Amino acid sequence: MKIQTKVARRTFLRTALAASAVIPLAAIPLVLKADNHRVDEANPSAKALGYRHDAASVDTAKFPARATADGKTQFCDNCKLYQAGDDGWGGCSIFPGKQVKGKGWCGAWMKA
Ligand code: SF4
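Sequential numbering of the sequence shown, starting at 0, is according to numbering that gives the first Met the number 0.
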């Protein structure tokens, strides 16, 4: 009876050790996948349109429309091309397959 308990404990410990090594590795692709779905501000198309995740950081010297009173109310989440998603990020037809931040902005903003 005691031998069976020792074997069961060893099996449990081996399984738990193996699981603890595998679970963090399995989580890495999910983190990378989430980041890969977001528009990179350094992407040439994003740069050409002045896209920024934070609309307050738009280069208003290059994109003066964002500095006007009307422009300051423009964000991705009130743009006609925005499709709301999770966690404040959503789709944009300008960047197929990528997500933009709801409080972001680019020069292609359109009134909804
Ligand atoms: S088109 Fe609209 S939703 Fe897309 S990045 Fe520009 S402002 Fe944001």
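Where a beta carbon is used, it is the ideal one built from N, C-alpha and C, also for glycine. Predicted model, so just to flag it, every value in this text is computed and none were measured.
Would you tell me roughly how many angstroms separate the C-alpha atoms of residue i and residue j, rounded to the nearest one?
i	j	result
F94	V38	7 angstroms
I22	N35	Any answer about I22 is weak, because its pLDDT of 45 lies below 50 and its placement is not dependable; what the coordinates show is given next. Each residue's alpha carbon lies about 21 angstroms from the other.
A68	G96	31 angstroms
F74	G103	6 angstroms
A45	A66	19 angstroms
D85	K100	10 angstroms
G70	A55	11 angstroms
N42	N77	23 angstroms
Going by DSSP, which residues form a beta bridge with residue i?
i	result
A83	G89
K100	W88
C78	K110
R65	Answer is none; R65 lacks a bridge partner.
For residue i, I'd like the list of residues in its chain whose CB is within less than 6 angstroms of its CB, leaving aside the five on either flank, ordered along the chain.
i	result
A20	Confidence in A20 is poor, its pLDDT being 49 and thus under 50, which makes the residue's placement unreliable; the coordinate value appears in the next sentence. Cβ neighbours of A20 beyond the five flanking positions: none.
T82	Reading off the sequence, residue 82 comes out as Gln, not Thr. Same-chain partners within the cutoff: G89 and G90.
F62	G49 and G106
K79	M109 and A111
A60	none
A64	G70
Leaving out five residues before and five after residue i in sequence, what residues of the same chain have Cβ atoms less than 7 angstroms from its Cβ?
i	result
D58	G49
R51	E40, V57, G103 and W104
S92	L80
Given residue i, which residues of its chain have a CB within under 8 angstroms of its CB, disregarding the five upstream and five downstream residues?
i	result
Q98	H36, R37, V38, G84, W88, G89, G90 and C91
D53	K100, K102 and G103
Pocket of the ligand SF4 defined by Cβ to heavy atom distance under 6 angstroms: Y50, C75, C78, L80, Y81, C91, I93, V99, G103, W104, C105, A107 and W108
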